[in-house]
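Structure first, commentary second.
Numbering (our numbering), first residue to last: 105 to 510.
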């Protein structure tokens, strides 16, 4: 990046240093391989998001010492970038989401062992950046294959917890826009709130509220959050995100009923946020859940059924794929001991799907993907379906393998 663009897109070194309580010269190594400065025992890594060149994610130091690392993120003007993730072997081990421009800085502290990582800023011109931690490497998974899978399920549980925490924040923003009667703002917030549930839907779709039978949609939390026109129960009526979608994008009006629906949705997401913190998983839960999410892609996203009023289906598509990939990524260390060839095949197919999805990115659209219009469905639906089918086939073999591991 030219130096002129770089300096325009960053806080000044003195400003950053003041925020961190460090001397300005501590940031002399910005955008270099200089080791991140340490404050209060933690390496300090700043990430700045701007709208320059369509979306720029600047990582101020790409090297840190092993141990606690604090990532502090500020979104100055990047409307196309709403999250920053730290990846290790495709696993999301830490992330900050709902990063709207102008909001206060947010921080995430992780204890990292030495090794190679990547910082992922979806929607940025350069989405993936290498990040190196020097020093003692993190311990490799040890014990039996079953032990390694058990450790993976704990990591996945933390991922699910973080996703629903982020969903709660995004739902609060959507409700605030609706309460204010701001239709344009609510329409922009809606696709930002959608992908979180799509990432973890297979884990939580069995929750039944106290006092209800499993067959009663009035007590089915999945129905109350994610009901679509195609599965509308006339006895229970409209609820959840898609009821809001109808009001915002079909009728184009925010009514008192819309505000009531938003309040109910927030209540149910708050309940979901509490419930996921009580969950534990078996390895086969992750494998089966990943397969279920890909089935969701085939049955409701590629068909255009999911977002029939707003046409943000590709946002949901990407959410399903991320959720499936994370479930598999937390199984991958154990799978490498059982069947490395199958593991590599699944990883390769995920890479193909993600590369295809990238061709539909559009930073000018809320949610970051092109609208899934009837014309796009007609021209590209078969291609998208074929890519998912190629991933479903090897992934379908994982459940039986992890369930019988010892």
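We treat Cβ as the ideally placed atom computed from N, Cα and C, and that holds for glycine.
Distance CB(residue i)-CB(residue j) smaller than 7 Å
i: residue 138; j: residue 174; result: no
i: residue 252; j: residue 444; result: no
i: residue 306; j: residue 396; result: yes
i: residue 292; j: residue 470; result: yes
i: residue 240; j: residue 168; result: no
i: residue 295; j: residue 432; result: no
i: residue 391; j: residue 506; result: yes
i: residue 202; j: residue 273; result: yes
i: residue 446; j: residue 498; result: yes
i: residue 152; j: residue 142; result: no
i: residue 205; j: residue 179; result: yes
i: residue 185; j: residue 228; result: yes
i: residue 264; j: residue 380; result: yes
i: residue 422; j: residue 461; result: yes
i: residue 401; j: residue 424; result: yes
i: residue 199; j: residue 303; result: no
Nearest to residue i (by Cα), restricted to the options the options
i: residue 327; options: 434, 204, 276, 376; result: 376
i: residue 177; options: 187, 501, 183; result: 187
i: residue 230; options: 154, 392, 143; result: 154
i: residue 508; options: 193, 345, 315, 254; result: 254
i: residue 387; options: 451, 357, 460, 430; result: 430
i: residue 242; options: 152, 214, 263; result: 214
i: residue 340; options: 321, 209, 240, 455; result: 321
i: residue 277; options: 503, 159, 363, 390; result: 363
i: residue 149; options: 370, 212, 206, 201; result: 212
i: residue 494; options: 506, 451, 474; result: 451
i: residue 418; options: 245, 299, 290, 286; result: 299
i: residue 372; options: 384, 356, 194, 345; result: 345
i: residue 382; options: 206, 262, 474; result: 262
i: residue 181; options: 164, 160, 199; result: 160
i: residue 194; options: 468, 455, 250; result: 455
i: residue 358; options: 172, 314, 286, 477; result: 286
i: residue 332; options: 411, 360, 324; result: 411
Identified DSSP bridge partners for residue i
i: residue 324; result: 312
i: residue 464; result: Its beta-bridge partners do not exist; DSSP assigns none.
i: residue 473; result: 465
Whole alpha helix (DSSP H) runs in the region 210 to 296 with 4 or more residues, listed along the chain?
249 to 283
Along the chain, which unbroken stretches of the beta strand (DSSP E) at least 3 residues long are found entirely within the region 130 to 217?
136 to 139, 146 to 154, 160 to 163, 165 to 169, 171 to 179, 188 to 192, 195 to 200, 210 to 216
Tell me, please, whether the region 266 to 276 touches the region 205 to 220 by the rule of three or more beta-carbon pairs shorter than 8 Å.
no
Are three or more beta carbon pairs between the region 279 to 294 and the region 333 to 353 nearer than 8 Å?
yes
Does the region 480 to 494 come within contact of the region 397 to 412, defined as at least 3 CB pairs closer than 8 Å?
yes
Start-end ranges of the alpha helix (DSSP H) lying completely within the region 349 to 419, minimum 4 residues
360 to 380, 387 to 400
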